[in-house]
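Everything below concerns the one structure shown next.
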Amino acid sequence: MVVTLIVVCEVAFWVLLALGLAVRYPLGMRRTSTVLLLCEPVLELFLFAVTAIDLRNGAEPGWEHGLAALYIGYTVAYGHYTIRRLDGHAAHRLAGGPPPPKPPRYGAARARHEGALWLRTVLAAAVACALLQAAVWYVGDGDTSSLRSFRWVALRAAGIHGLVALTYTLWPKREPQSALRR
Numbered sequence: 293m294v295v296t297l298i299v300v301c302e303v304a305f306w307v308l309l310a311l312g313l314a315v316r317y318p319l320g321m322r323r324t325s326t327v328l329l330l331c332e333p334v335l336e337l338f339l340f341a342v343t344a345i346d347l348r349n350g351a352e353p354g355w356e357h358g359l360a361a362l363y364i365g366y367t368v369a370y371g372h373y374t375i376r377r378l379d380g381h382a383a384h385r386l387a388g389g390p391p392p393p394k395p396p397r398y399g400a401a402r403a404r405h406e407g408a409l410w411l412r413t414v415l416a417a418a419v420a421c422a423l424l425q426a427a428v429w430y431v432g433d434g435d436t437s438s439l440r441s442f443r444w445v446a447l448r449a450a451g452i453h454g455l456v457a458l459t460y461t462l463w464p465k466r467e468p469q470s471a472l473r474r
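So, in structure tokens, the structure goes:
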């Protein structure tokens with residue numbers, strides 16, 4: 293049930309986002325759009341509540357509960373960023389606004405961008421670890437090894453992303469010579 297709910301929440305995220313942007317730009321209903329976009333965090337709260345109820349009703353803590361915590365952590369850290377980026381694209385395509393700025397591709401600017409994204413991943417891992425630890429305490433006695441193992445999944449993801457971001461600092465990507473001559 294929890295896995296199905298995660299899929300439903302992910303689909304609902306994109307449907308609400310598409311509806312919010314469609315109402316904002318083609319229809320010009322900014323307040324309605326804002327209300328639709330503010331419903332996005334309700335999805336995560338709903339998933340959190342259902343997962344907690346599932347555990348409280350005696351469900352064996354499993355990988356699906358860990359996945360729910362990772363999903364919530366990811367949407368907390370990257371949800372607003374995703375909405376903001378897509379809002380810029382929708383404003384450009386649907387309302388004639390300026391094109392949204394692209395992420396930097398080279399040098400120190402790219403390293404800063406990658407570092408900022410890594411900090412989002414650290415936030416996602418921290419939220420997921422906090423939720424997983426709360427679930428371990430909430431379940432109390434019983435086998436919580438799957439919940440504990442998902443903390444390491446979150447920390448590994450942050451560590452790997454940190455190594456990738458570090459490579460952009462240590463070995464910054466240089467602009468191609470052909471682009472420098474223009």
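Residue numbers (our numbering): 293 to 474. Backbone N, C-alpha and C fix where the C-beta goes; we use that ideal spot for every residue, glycine too.
A422 versus W463: straight-line alpha-carbon distance, rounded: Between A422 and W463, the C-alpha separation is close to 33 Å.
Cβ-based burial, T461 [other Cβ within 10 Å; buried from 16]: exposed
Alpha carbon of P475 to alpha carbon of V431, nearest angstrom: There is simply no residue 475 to check, as the chain begins at 293 and stops at 474 in what is shown.
Straight-line gap, L308 to S325 (C-alpha atoms, nearest Å): Looking at the two C-alpha atoms, the distance is approximately 9 Å.
Closest by C-alpha distance to L313, when choosing among E336, K465 and R377: R377
Where C331 sits in the DSSP three-state scheme: coil
Short Cβ contact (9 Å threshold) for A416 with Y366: yes
Reference V295, options G388, A418 and A361, closest by Cα: Distance check between V295 and each of G388, A418 and A361 places A361 closest, using alpha-carbon atoms only.
Pairwise C-alpha distance: L386 and V334: 27 Å
Close-in-space but distant-in-sequence residues of the same chain around S438 (CB under 7 Å, 5 per side omitted): P353, G354, W355 and G358
Whole-angstrom distance between Y317 and G388, CA atom to CA atom: 10 Å
Cα-Cα separation, A400 to Y370: 22 Å
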